[in-house]
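See below for the structure under consideration.
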Amino acid sequence: MARQRSGRMRLLSVVTMLTLGAALVGCTANADVSELESQLAGIDNVNGATGSVTHPGAPWNTQVVVSLYLDDASDEGVVEAVRAAAPVLSTDPVASRHDVVLSFVDGQRSDYETDFDAQRDEIGVNPEVYATLGILDRGAWFLQLSPAQVRDIAGGR
2 MARQRSGRMR
12 LLSVVTMLTL
22 GAALVGCTAN
32 ADVSELESQL
42 AGIDNVNGAT
52 GSVTHPGAPW
62 NTQVVVSLYL
72 DDASDEGVVE
82 AVRAAAPVLS
92 TDPVASRHDV
102 VLSFVDGQRS
112 DYETDFDAQR
122 DEIGVNPEVY
132 ATLGILDRGA
142 WFLQLSPAQV
152 RDIAGGR
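Using this note's numbering, you'd call the opening residue of the sequence shown number 2 and step up by one each time.
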């Protein structure tokens, strides 16, 4: 009896590991966001954009992280950029399905040797920006938007 139970446990363990392995294989590849970057770089008040797909905490947690390089980094300029970016984000095959984290940099993408250098100059997101966009304040350095919030902003909210 113990031998039969041990065999079942081994089989269950193997099936579980194979299932988890198959599930994680689909999470390892990151989507190409170059088209998204290109579209975002063409909107008003944005002169460059970088994007990446991240998996914070676990492979099934997916976020699209975007840095927008702004001509006007005032609160009004940030709101304008978010409102202009929302229709692009809401129709993108990746960004439309996952949370989007937006950060903002004053200047040109070419002003920085690397994306990490640009992070030093990210501008803060003031509470007025959150209030104007009608979203919950989640921090001073970025906007985190759910797909529903992106659609709401794209729809003119």
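Just so you know, even glycine gets a beta-carbon here, dropped at the ideal spot from N, CA and C.
In the DSSP annotation of this structure, the continuous segment of the beta strand (DSSP E) that includes serine 104 starts and ends at 100–107. The Cβ neighbour count for leucine 144, taken over all protein chains shown within 10 Å, is at least 16; the residue is labelled buried. According to DSSP, residue pairing for tyrosine 70 in a beta bridge involves Gly49 and Val106.
For threonine 55, the three-state secondary structure derived from DSSP is strand.
Annotation: the continuous beta strand (DSSP E) that includes leucine 144 extends over 144–146. For alanine 42, the closest C-alpha among the options Asn127, Leu71 and Pro60 is that of Leu71. The beta carbon of aspartate 107 lies closer than 7 angstroms to those of Leu71, Ala74, Asp122 and Ile124 in the same chain, with the five residues before and after it left out. When DSSP states are grouped into helix, strand and coil, valine 83 belongs to the helix group.
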